[in-house]
Amino acid sequence: MRWHLALLAGLTLSQSGSAQPEATSMAPDLPPMIRGTYGHPASFWKQGLKLDDYGVNAVFIHGASLDTQTVERARAEGCLVFAEFATLNGQYGDYVARHPEAHPVDDMGKEVEPATWFLGACPTDPGFRAFRMQALRDLLAELPSLDGVWMDYLHWHAQFEDPYPIFVKTCFNESCRATFQQHSGITLPEGTIEEQSSWIFMHAAREWEDWRVSVLADWAREIHQIVKQHNPQALVGNYQVAWKDEDLAGVRRRCLGLDFSALSPYVDVFSPMIYHGRSGKTPEYVREYVDYFAAHFDLPADGFPRLWPIVQAHDEPRVEPEEFARVLKDGSSGGSSGVMMFTLDSVTKDPGKLEAMRRVYLQLSATTGDGQ
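Numbering (this note's numbering), first residue to last: 1 to 372.
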């Protein structure tokens, strides 16, 4: 999903003793294959189109764009409804601008620059965490019948949806340095932030990496807990970078703080953002990554976690209709039990892509025999 802020303008495992998540056997009966869309269907509906006529059985919509009328209409057209939740995006509500203590700090002691469409808040700032968890509770209270919530921006500050990603060493503010010491049992030497960060990289790099992973896992734990307390059958998903463990010398875990094994107790569905064109890859990468993820994380044939990738329809760069059809098919192949595209609006604007979606999704429906 992601690079969606500009588009929408147009429309401590540290608590290692914390309770384990409720059994995912409470999850609802699901279609054999999720045939999803990402983005509000407003432009699609404006053309007089119906989701079920195009084989769609699930919609994933930015939480701030959802309302009761949208949920009811999507349900009437045979769809499950999931809300995207921008977890660590500090620009929501201008939170970081209003609360500078939540601004990420780099290894030189400077506040990081925003990425093109994203400023990650400091994940250890207690005020920001309380702000986002309350936003989640408010969303669930307003739309109690949601079928699930998809975490987005669950990573330390970076921009990765480009052929040349932007990575920043964060976060070294007071909150992070104190939490790291408490979690690891390591006492940092006296000195400036630059001196302390240099010491960490020289003497405690692995402990630092593990701690950063634990911070994100604990966010996922609390989000999972809130969602399941609201509705035990609702799913918790995660949009994430589509990188392998070994890519760029392990930068996914080392810099972004993403360890899928650490997240898996709290995530029912993983949705890697396999934006082949945007990332400078060929369409073949979609199938390659689906096969990699399913094998590497030993996804169960039945049960959870599941794999529902999101593939690229948006023309940045241009995605031809047949290319779009291919990545939809490949995204639903192998160990995947669902697929969606970024974005439905991009499909709606292109008659060729509309027909490709209809053709692929109706074929998938006929193949799986779910009749939805």
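Ideal Cβ placement from N, Cα and C applies to all residues, glycine included. Just so it is clear, the structure is predicted and the values come from calculations on it, not from any experiment.
In the three-state scheme derived from DSSP, where H, G and I count as helix and E and B as strand, D162 is classed as coil.
When Cβ pairs closer than 8 Å are counted between the two stretches, the stretch 31-41 is seen to touch the stretch 59-71, the count reaching three or more.
Taking a 10 Å sphere around the C-beta of H203, we find fewer than 16 other C-beta atoms and assign the residue as exposed. Contact annotation: V213 and R253 have beta-carbon atoms nearer than 8 Å. Within the stretch 265-352, the complete beta strand (DSSP E) segments at least 3 residues long are 269-274, 310-312, 338-342, listed from N- to C-terminus. In the three-state DSSP reduction, H103 falls in the coil class, being neither helix nor strand. Comparing alpha-carbon positions, the option among A74, P300, K110, G127 lying closest to S197 turns out to be K110. Setting aside the 5 residues that flank it on each side, Y54 is surrounded in the same chain by M357, R358, Y361, each with a C-beta closer than 7 Å to its C-beta; the list follows chain order. The secondary-structure analysis by DSSP pairs A205 with nothing; it has no beta-bridge partner. Secondary structure at Y38: strand, using DSSP grouped into helix, strand and coil. Distance between A234 and Y285, taken at the CA atoms: about 31 Å.
With 16 or more other CB atoms across the displayed protein chains lying within 10 angstroms of its CB, R326 is buried. Ranking G257, A74, P31 by CA distance to the CA of K50 puts A74 first.
Remark: C-beta atoms of A313 and M341 approach each other more closely than 8 Å. For E190, the three-state secondary structure derived from DSSP is coil. Distance between V215 and D259, taken at the CA atoms: about 11 Å. When secondary structure is reduced to three states using DSSP, E84 falls in the strand class. DSSP links H62 through a beta bridge to E84. Here R318 is exposed: its Cβ has fewer than 16 other Cβ atoms, across all protein chains shown, within 10 Å. If you draw a straight line from the Cα of A220 to the Cα of P126, it comes to about 15 Å. By the neighbour-count criterion, in which 16 or more other beta carbons inside 10 Å mark a residue as buried, S261 falls on the exposed side.
In chain order, S43 place their CB closer than 8 Å to the CB of K349, counting only its own chain and leaving out the 5 sequence neighbours on each side.
The stretch 141-149 and the stretch 173-182 do not touch, with fewer than 3 CB-CB distances between them shorter than 8 Å. Around the beta carbon of K353, 16 or more other beta carbons lie within 10 angstroms, which makes this residue buried.
The continuous stretches of alpha helix (DSSP H) do not include D370, and DSSP gives it neither H nor E. In the structure shown, E111 adopts extended strand secondary structure according to DSSP, grouped into three states. By the Cβ-count criterion, Y164 is exposed, with fewer than 16 other Cβ atoms from all chains shown falling within 10 Å of its own Cβ. Spanning the alpha carbons of G334 and L30 requires a straight line of approximately 18 Å. The C-beta separation of T116 from Q47 comes to about 30 Å, leaving the pair out of contact by the 8 Å criterion. Beta-bridge analysis with DSSP links D52 to no other residue. Taking D245 as the centre and dropping the five residues before and after it, the same chain places the C-beta of R252, R253, H296 closer than 8 Å to its C-beta, in chain order.
Between L299 and S332, the C-beta gap is not smaller than 8 Å, which leaves the two residues out of contact. For Q240, DSSP records a beta bridge to P272.
Here E113 is exposed. Its C-beta has fewer than 16 other C-beta atoms within 10 Å.
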